[in-house]
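Quick mapping for you: the protein sequence lines, in order, are chains A and B.
Sequential numbering from 329 applies to the first sequence in the numbering used here.
Sequential numbering from 3 applies to the second sequence in the numbering used here.
Worksheet: one structure, shown below.
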Amino acid sequence: MSDTIDRSADISQPLDRLGPDERLKYDSDYLRGRIDEGLLDRITGGVRFEENKLMKFHGIYQQDDRDIRDERRRQKLEPAITFMVRVRLPGGVCTPAQWLKIDDLARAHGGETIRLTARQTFQFHWVVKEEIRPTIQGLHEVLLDTIAACGDDARGVMSTANPADSVRHAEVAALAKTLSDHVIPRTGAYHEIWYGKERVATSEEEEPFYGRTYLPRKFKIGFVIPPSNDIDLYTQDLGFIAIGGPGGIEGFNVAIGGGMGRSDQDPATYARLADVVGYIPKDRLIAAADAVMGVQRDYGNRAERSRARFKYTVDDKGLDFVKAEIERRMGTPFEPVRPFALDSNGDAIGWRETESGCFNLTLYVESGRVANRPDRPLMDGLRALAKVHKGAFRLTPNQNLIVADIAPEDRPAIEAILAAHHIEEGGGASALRRNAIACVALPTCPLAMAEAERYLPELATKIETILAQNGLTDEPITMRISGCPNGCSRPYVAEIALTGRAPGKYNLWLGGGFHGERLNRVVLDNAGEAAILDTLEQTLGNYARERAPGEHFGDFLHRSGFFAGEEAR
Amino acid sequence: MTVAQFFQEGALSVDQWQHVEALARSLNPAQARWISGYFAGLDAGLLRGGAVEAVPETAPQGRTLTILYGTETGNARDLGKALAEAAAERGLSPRLSDLADYKVRQLKDEEDILFIVSTYGEGDPPRPSIGFFEFLEGRRAPQLANLRFAVLSLGDSTYEKYCEAGKRIDRRLEELGAARLHERVDCDIDYEEPAAAWSGAIVDLLAAELAAAAAPAFPVPSAVPVPATAPAHDKRNPFAATLLENILIVGRHSTKETRHLELDISGSGLAYEPGDALGIAAANDPVVVAQLLDATGLDGGATVLVKGESVALAEALERRFEIAIASPRFVDSWAKYSGASELERLRGEEAAAERVAFLRDHHIVDIIRRFPVGGVDAGSLLAGLRPLQPRLYSIASSLTAMPDEAHLTLAPVRFRLHGEARNGVASALLADRLQPGDILPVYVQHNPHFSLPKDDAPIIMIGAGTGVAPYRGFLQEREATGAGGRSWLFFGERNFRSDFLYQAEWQEWLKRGTLGRMDVAFSRDTGEKVYVQHRMLEQAKDLYAWLEEGAHLYVCGDAIALAPDVHETLIRIVAEQAGGGREAAADYVRDLAAAHRYQRDVY
């Protein structure tokens, strides 16, 4: 079968026939490059193009304040360069001590704000070059790092945040941590550059799995515990669906080839939902991950970066070939898929009692933004909470925060702290807002073409008016905004999605599945707010009048023939 | 035509050629153009007079005459040139030289010397002339019993040690036995009239002596040489430049207020070299005029006479006089006028220190408010005021790279006094009142003591704050002319993120190789205060190696906060690297200055 497989763009080819990033990785001496020198360069607040690429593998992104980019240009100053530093936090779980350290570091180096991301981790923004090291060393003090939080490698591993039973959560979260520790790069570069460790001479292979050129592109892994699909399983390169009863996890259904990212105006790029290809027993987890990543490492497209994600490898080589190759590498075939059912990709906001008699509190955090506002000192409140909390914190894939494992006797103290800081569990947010995700976008993200996080509150208010007029205020509808087509907020599985095209202009997408099981479709291209609201007014009006009991908005659009005549992509 | 051909034709003697060559080396392009015009005019005059044979083989019998000027901003040089021309017209054969270039060993052979010397800061001579002062005031100075001399000293009476450099020469020559041709004249910033009187008197005296002594009269060319391309615009006749750009170039949250200005000088004929300054004839802030009128109760519409011209008082105060900072002259004048005993006391010699402090805390309006006089008459007010002076700013561009433009980097002077905001004259005008499209009277002030090497010698540029301005001109020039030569810039300011003046441009030049190295020091980014001299010390080995390889070193910026520390650091670096001790290092640095390889433009 492999005779028919096209290998003209993969790792078997010499470097000069592959894309420039491959040469850069190969020459980087396992991600060292000249990062050290770049950090010492006093003439710029940034680093060179090459070092910027390499630093992503270390979880660091060079950005600049785009709000004042033009002002700085006129002032003959370089852009206001700062760095985004993304923590590796498998499963989104952290201790109160870790929360306090994150809070300290954000106040000292990160512009006094923390971003909870759609992949369950912390992001610091506004970190200046000379403060990256103190930030990373501070994280090290509480056993956190930023390895592979970005870059062509396996990114942070996600895990369902709030299952009804905390036993299964604990087991899956621990597996997410084990797997994350297993799939990150082994290079000593991180310890040398950020902790100041001496380079150790060794005859051992520095990257036994990745090799010199790592993966063709980023690779995202996540675990779900049904029926929640909060992590959007179908958007992961590699997803594991936990199977097992109250007695514990027995194994996983494996989903491969999901991914959101598209390139603007490039029809050869597209969002793709993962295929569930089979079942593995729990003890085959690491072997399965190695096999899937190995296939992508060896067959992924390294000539054309926009086609390098695993989803294109699956489509280009064929699902059958990829599945067979994974099985060959695992040494065992997949077992048949076990039955499972997913029902929602949102979070249940508020207090919930677990089977062990403790409480989990899910706090709504608008766009995951933890900061102090005069009327709502959220950052101070969470800091106060972390000082007394005895359980854990969980960051959810919907950018919310779970204060987990609160003993019944501790609940009043937690409630008092929240009240003192004017923090309501739902943040006073409507059903629409609770089910909304926005990426960071402007002013810091270099890829953003339009606003996202800063625009969401204003847009939500306008859509809420439409919902109210149609009696839909309490109806959960998933809405996601991304500042560009790359889709960090996982827009292509939302019922309503906006992806940025230009300032004030978006593509409008409708009809995604409520629990992320179906891609949406583009309805408006490069549209302004008025056109978007018109379309929503019309479609939501129809939905209010004609929906079946319990029918979700996305499902209704499909049933009612809104997309009739269109072919599925 | 080669030099050899020229000699064969016998047009110039070797001696003459050496003079021409020496002169040519000291000329900037504007001067060269002027000289060529001068000779063209001279040639035309001689031909018209049919006096081709009249070029004398030797100077007429008489005493040698040397005119020496010491200058930083060029005023003394301009006066020296005018004096030399006036003397030549009267048949005298003066030799004109900058004190900076003068070979002190010749002093013992001189017969008549006329000095025109400016004073800077607290009684200091012009920096390039320091070597001359050290020799003259040192133990090796010869007895000068045969020498006659006269001194014209230029200064600024706002400073305590007014005209001190001229006074020092005058005093020392007397000690060495020389005789005065004329009493020393000390000029304030409105020096034109007293200087002309001094020059006229001396030229008259020497011409009369010559006429009496010389039997064969020197044939005076029948036509006065006419410079072919004399600059149309100068200090007295500034050009109305149009402001093209006037923006703040420090980023948000800066503690500074540094601005970048671009001026259109097309059609002006103004020519400048990198390192030159632009003089700005700024008018006073109308708010200050109003305060002064209010304090005196005078009517701004009343007509007053200024240098024989009738103008409205408000207009005169706005455009003709310094009306902010008070000088000792104003204290004198107002003391007499008000009869205030406290002011009277401040006039005395023994109250000098107190007067300095008083003047620091009291502008003109403060003095008038504190010692009010009923029914002030305008003439009495104006009697104590000095003429409004243009403000000089290092030009931050190259004419080659930016034809028809001159760029400036300006940090407005702002402070509070007696609860009121007080601004520098040009600062307030440029920062607060002028918009692109507005007109600004400007002229070029040449600064031959701060210029790029003629060859491709390496350059080390040290600047803090707006002191980086001329280096932008240097690099623009080198880039535009394709000149080679390595370059190294040290820059200091407060904060990296907001105050890295012209950051994007240095980065671009570094990328292209026009700028070879750059070291920066930001004093307020971290707890430790880092300044340019610290970066120099870090790079001591390389810096010394560059000097050994012939590098020219430039320092531009604050005269108190930057220049002395950099100077000390330089000596320290040379001492450490050369290993010859501090004295030898100081000599090394002095020699650098003497060779024009250590140039400073500090303010």
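Glycine included, each C-beta is placed from N, C-alpha and C at the ideal position.
Values in this document were obtained by computation on a predicted structure and should not be read as measured data.
Q. What does L352 of chain A reach in chain B if we use C-beta pairs closer than 9 Å?
A. Correct list: empty, because the minimum Cβ distance to chain B is about 19 Å.
Q) So which residues on chain B does I460 of chain A lean against when the C-beta distance must stay under 7 Å? A) Going along chain B, no residue has its Cβ under 7 Å from I460 of chain A, so there is no contact; the nearest lies around 15 Å.
Q) Using a beta-carbon distance cut-off of less than 8 Å, what residues from the stretch 402–428 of chain A approach chain B? A) Against chain B - using a Cβ distance shorter than 8 Å - the residues of the stretch 402–428 of chain A are R402, Q403, K404, L405, E406 and A408.
Q.
Suppose the cutoff is 7 Å on Cβ atoms and the five residues either side in sequence are ignored; what does the same chain contact list for T66 of chain B look like?
A. Listed in chain order, the non-local C-beta contacts of T66 of chain B below 7 Å within the same chain comprise E112, E113 and D114, local neighbours out to five positions each way being set aside.
(Q) Comparing C-alpha positions only, which one of A:T423, A:A599, A:F450 and A:A434 sits nearest to V415 of chain A? (A) A:F450
Q) H409 of chain B versus chain A: which residues are under 7 Å apart at the beta carbon? A) Near H409 of chain B there are no residues of chain A at all, since even the closest Cβ is about 11 Å away, more than 7 Å.
Q.
Within 8 Å of any Cβ in chain B, is that where the Cβ of R370 of chain A sits?
A. yes
Q | M588 of chain A: first and last residue of the uninterrupted beta strand (DSSP E) it sits in | A | No beta strand (DSSP E) holds M588 of chain A; DSSP gives it neither H nor E.
Q | Expected contact under 8 Å - CB spacing of G587 of chain A and F638 of chain A to nearest Å | A | 7 Å
Q. Beta-carbon of R400 of chain A versus every beta-carbon of chain B: anything under 8 Å?
A. The Cβ of R400 of chain A sits closer than 8 Å to at least one Cβ of chain B.
(Q) Against chain B, which members of the stretch 372–391 of chain A pass a CB distance test of less than 7 Å? (A) T372 and G373
Q. Thinking C-alpha only, which one of A:G438, A:L382, A:D357 and A:I677 is nearest G754 of chain A?
A. A:I677
Q: Count the other C-beta atoms from every protein chain shown that fall within 10 angstroms of the C-beta of E779 of chain A, then say buried if there are 16 or more, exposed otherwise.
A: By the 16-neighbour rule on beta-carbons within 10 angstroms, E779 of chain A is buried.
(Q) With a threshold of 6 Å on Cβ separation, who are the neighbours of R371 of chain B within its own chain once the five nearest residues in sequence on each side are excluded? (A) A297
Q) Does any CB atom of chain B fall closer than 8 Å to the CB of V650 of chain A? A) no
Q | Nonlocal neighbours in the same chain, by C-beta distance under 6 Å from A636 of chain A, ignoring five residues either side | A | P544, R545, G628 and N629
Q | Stretch pair the stretch 286–300 of chain B + the stretch 411–431 of chain B: three plus CB contacts closer than 8 Å | A | yes
(Q) Here's the rule: buried if 16 or more other CB atoms are within 10 angstroms of the residue's CB, otherwise exposed. What is Q624 of chain A? (A) buried
Q) So what does P609 of chain A bridge to, in DSSP terms? A) A:G579
Q: Could you spell out where the alpha helix (DSSP H) holding H497 of chain A opens and where it closes?
A: S494 to V511
Q) Can you give the Cα-Cα distance for Y546 of chain B and Y556 of chain B, rounded to whole angstroms? A) 14 Å
Q. Whose C-beta lies closer than 7 Å to the C-beta of V378 of chain B among residues of the same chain, with five residues either side of it excluded?
A. T298, G299 and L300, listed in sequence order.
Q) Sorted by chain position, which residues of the same chain lie with C-beta nearer than 6 Å to R875 of chain A's C-beta, five sequence neighbours on each side aside? A) F884
Q: Just confirm the distance between the C-beta atoms of P740 of chain A and F687 of chain A, as a whole number of angstroms; I'd bet it's less than 8 Å.
A: So it is not a contact: roughly 11 Å between Cβ atoms.
Q. Chain B beta carbons: is any one of them nearer than 8 Å to that of I442 of chain A?
A. no
Q: Pick helix, strand or coil for Y627 of chain A, following the three-state DSSP scheme.
A: helix
Q.
Can you confirm whether H255 of chain B, when its beta carbon is compared against all beta carbons of chain A, has any partner nearer than 8 Å?
A. no
Q: Kindly list, in the order they appear in chain D, the residues whose Cβ is closer than 8 Å to that of M520 of chain B.
A: This model lacks chain D altogether; the protein chains it does include are A and B.
Q | Contact list for W508 of chain B against chain A, beta-carbon separation under 9 Å | A | I371
Q: Note down, in chain order, each residue of its chain lying with its Cβ closer than 6 Å to the Cβ of L81 of chain B, except the 5 sequence neighbours on either side.
A: I118 and A197
Q: Compare the Cα-Cα distances from G157 of chain B to each of B:R141, B:P144 and B:P127 and report the closest residue.
A: B:P127
Q: Identify which residue in A:T372, A:P342, A:R360 and A:S336 has its Cα closest to the Cα of L503 of chain B.
A: A:T372
Q: Return no unless some Cβ of chain A is closer than 8 Å to the Cβ of I69 of chain B.
A: Interface residue (Cβ-Cβ distance to chain A less than 8 Å): I69 of chain B is not classified as such.
Q: Give the interface partners of I396 of chain A over in chain B, defined as CB-CB distance under 8 Å, in chain order.
A: G253 and R254
**Q.** Pairwise C-alpha distance: E479 of chain B and T402 of chain B
**A.** 6 Å
Q. For R376 of chain A, which residues of its own chain have a beta-carbon under 8 Å away from its beta-carbon, when the five flanking residues on both sides are left out?
A. R362 and G366.
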